[in-house]
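> Mind looking over this structure? Questions follow.
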Amino acid sequence: MKIYTKTGDKGDTSLVGGSRTTKSDIRVWAYGTIDEANSSLGLARAKICNKEIKENILLIQKMLFEVAAEIASIGTESYKERINEEDVFKLEKLIDYYDELKPQIHAFIVPGGTEESALLDISRTIIRKSERYIVELKDYYKVNEQLLKYINRLSDAIYTFARYLDYIDIKNKVKVNIGLYKKNKLDREFARYLVDKCIVKALEIGVPMVITVVDDSGNIIIQERMDGALLASIDISKNKAYTAAIFKKPTHELKKLSEPGEELYGLSNMKNVITFGGGFPLKIEGDLFGAVGVSGGTVEEDMTVAAYAIKIFKEVFTYGVREE
């Protein structure tokens, strides 16, 4: 049997049951876009290494044949509902399962974290496009409510797959980076990078500061005093970093613990120990690499700059990229 039939040479095509319609029919747009999504998922599946995700995508691809067949039968004598409530429920279980395996996301994600997730994000947008065509179908035909729900949940499922794969990739990178930095410890180059970022942040809020980075034993790696910073801030910054390192806690958390009746009462009387904000430990997944201490502004301003250093520190560990 030949692949080409010549029956569509004039711009029409067959629906399920054999009836003919133009290729510009909204039904053709809808099931054609489902076919596009299926092919896109096939490419993603071919690139993905995670066996469980691959198997779930394959099951979804097989279901998309049923989806396309149902759409291609709408408005014909051969119409049959192929997607049901159970199919929607299975997708919801998948979404919930993978959503619980990763941290919650509270912001828009820029696609392209990995090749695998990028391909899934392309598939997701094609599925969204097919959903819009199916919604338009409702203006002309009665559409199975469960079919529309299934496509809506499907884009969510593919999104969840993509974010889970991004999360696994990030976890693996963090493990590698932890191993590398534990071997070499926190070096001066990285400490210099953190200090430079803190200076940029301090300039943004308009306060000259002293920034100190120490190693995991509280020994100074680097200290920088911005022009105009208070001389007293030199020792305060150093002691904030030292305190955060030896207690492995942000200095502001020690304030309450050092009050009368608390477990660290009298701590504030110890030499070189600071119990107000501005010192943060540099930790990843419980591993201590050092600490940063900032002084020069109000406690809130010091904490803002020090917290920014922690953000930069975690970003470098997570993505392995330093901004110029």
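Mapping of the sequence shown onto our numbering: residues 6 to 329, in sequence order.
Idealized CB from N, CA, C, for every residue including glycine.
A quick note: this is a predicted structure, and the numbers were derived from the prediction, not measured.
DSSP three-state label for residue 225, please.
Along the sequence shown, read from residue 1 onward, the residue named residue 225 stands at position 220. Note: residue 225 maps to strand in three-state DSSP.
> When we look at the beta-carbon of residue 306 and count the other beta-carbons within 10 Å, is it buried (16 or more) or exposed?
By one-based count along the sequence shown, residue 306 stands at place 301. Residue 306 is buried by the Cβ-count criterion.
> Leaving out five residues on either side along the sequence, give the residues of the same chain with a beta carbon under 7 angstroms from the beta carbon of residue 74.
Working through the sequence shown from its first residue, we reach residue 74 at position 69. So the list reads 21, 87, once near-sequence residues are dropped.
> Who does residue 295 pair with in a DSSP beta bridge?
As a working mapping, residue 295 is identified with position 290 in the sequence shown. Answer is 220, 287.
> Please name the residue or residues paired with residue 158 in a DSSP beta bridge.
Residue numbering aside, residue 158 sits at position 153 when the sequence shown is read from its first letter. Paired residues: none, contrary to the question.
> I'd like the list of long-range same chain contacts for residue 308, defined as Cβ closer than 6 angstroms, with 5 residues on each side in sequence excluded.
Counting from one through the sequence shown, the residue named residue 308 turns up at place 303. The beta carbon of residue 308 is closer than 6 angstroms to those of 282, 283 in its chain, skipping five residues each way along the sequence.
> Is DSSP giving residue 230 helix, strand or coil here?
Stepping through the sequence shown from its first residue, residue 230 is reached at position 225. Of the three classes helix, strand and coil, the one that applies to residue 230 here is strand, per DSSP.
> DSSP three-state label for residue 280, please.
Taking the sequence shown and counting its residues from 1, the one referred to as residue 280 is at position 275. Correct three-state label for residue 280: coil.
> Residue 314 CB to nearest chain D CB: under 8 angstroms?
Considering every chain present, this structure includes no chain D. It has just one protein chain.
> Closer than 8 angstroms is the cut-off here; do at least three beta carbon pairs connect the stretch 155-168 with the stretch 75-84?
Counting C-beta pairs closer than 8 angstroms gives fewer than three between the stretch 155-168 and the stretch 75-84, which falls short of the contact rule.
> Would you call the CB atoms of residue 246 and residue 296 closer than 8 angstroms?
Position 241 of the sequence shown, counted from the start, is the residue given in the question as residue 246. Position 291 of the sequence shown, counted from the start, is the residue given in the question as residue 296. Cβ distance < 8 angstroms, so residue 246 and residue 296 count as in contact.
> Which whole-angstrom value is the C-beta distance of residue 210 and residue 300, which I expect to be below 8 angstroms?
Translated into positions along the sequence shown, residue 210 becomes position 205. Translated into positions along the sequence shown, residue 300 becomes position 295. Residue 210 to residue 300, Cβ: 14 angstroms. No contact.
> Do residue 279 and residue 303 have their C-beta atoms within less than 8 angstroms of each other?
Taking the sequence shown and counting its residues from 1, the one referred to as residue 279 is at position 274. Taking the sequence shown and counting its residues from 1, the one referred to as residue 303 is at position 298. Not a contact, by the Cβ cut-off of 8 angstroms.
> Under 8 angstroms between the Cβ atoms of residue 50 and residue 64?
Against the sequence shown, residue 50 aligns to sequence position 45. Against the sequence shown, residue 64 aligns to sequence position 59. No, the Cβ-Cβ distance between residue 50 and residue 64 is not below 8 angstroms.
> When you compare the stretch 188-205 with the stretch 131-150, are there three or more beta-carbon pairs, one atom per stretch, that lie closer than 8 angstroms?
no
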